[in-house]
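Encoded as structure tokens, the structure appears first; notes follow it.
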Amino acid sequence: MCEEYVESRIQRILRSLKDLEEDMESEGKNSAGDKYETGREMMSEEWNKLSSQLKEFKQQKDTLKLAKGREASKRIQLGCLVKTSASNYFISIPAGKMELKNETFYAVGGNSPVARLLMGKTEGEEFEFNGIKNNILSVD
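Shown next as structure tokens:
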């Protein structure tokens, strides 16, 4: 479910980095002066931003591997699919709304507010999120 999301982001960032690298090389061959320095600095900032995003998505990929390798448990932990009376969650990475077997799940990071509330709870327990009481219907 989330693997494709993360992999597509990684590939998009890698393509952007490659394009930026080509732009930086051609900029270096064709320019001189203050305009060159400003353009080069902007490209450098973009490179740093993309590199940071790449690192983040690679960490998310590692988190997904950990979640996949978890031992089965009745208690909510990283890697669990949790159905509640309000919403369904995949406790993994912050990837947002996902579809799985015609059901909507929200992929949320383990440190998100709702995940912190759910961690360690079991099917049948109640929790309060944003002032609303919810029941945990199932944990997979």
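Here full-length UniProt numbering is used: the sequence shown runs in plain steps of one and ends on residue 140. From the three backbone atoms N, C-alpha and C, an ideal C-beta is built for every residue, glycine too.
Please report how far the alpha carbon of residue i lies from the alpha carbon of residue j, in whole angstroms.
i      : j      : result
Asn130 : Val114 : 9 Å
Glu37  : Ser26  : 13 Å
Glu3   : Arg40  : 34 Å
Val108 : Leu118 : 11 Å
Ile93  : Val6   : 9 Å
Ile136 : Phe127 : 8 Å
Ile132 : Arg116 : 16 Å
Arg12  : Glu45  : 18 Å
Tyr89  : Leu54  : 25 Å
Asn48  : Glu21  : 12 Å
Val139 : Ser51  : 36 Å
Here's the rule I'm using: 16 or more other beta-carbon atoms within 10 Å means buried, otherwise exposed. How should residue i be labelled?
i      : result
Thr104 : exposed
Gly96  : exposed
Leu64  : buried
Give a yes or no on contact between the segment 17-26 and the segment 112-123, applying the rule of three or more CB pairs nearer than 8 Å. no
Enumerated in chain order, which unbroken segments of the beta strand (DSSP E) with a length of 3 residues or greater are wholly contained in the segment 69-137? 81-84, 88-92, 96-100, 103-109, 126-129
Tell me whether the segment 71-89 and the segment 50-62 touch, counting them as touching only if at least three CB pairs, one residue from each stretch, are closer than 8 Å. no
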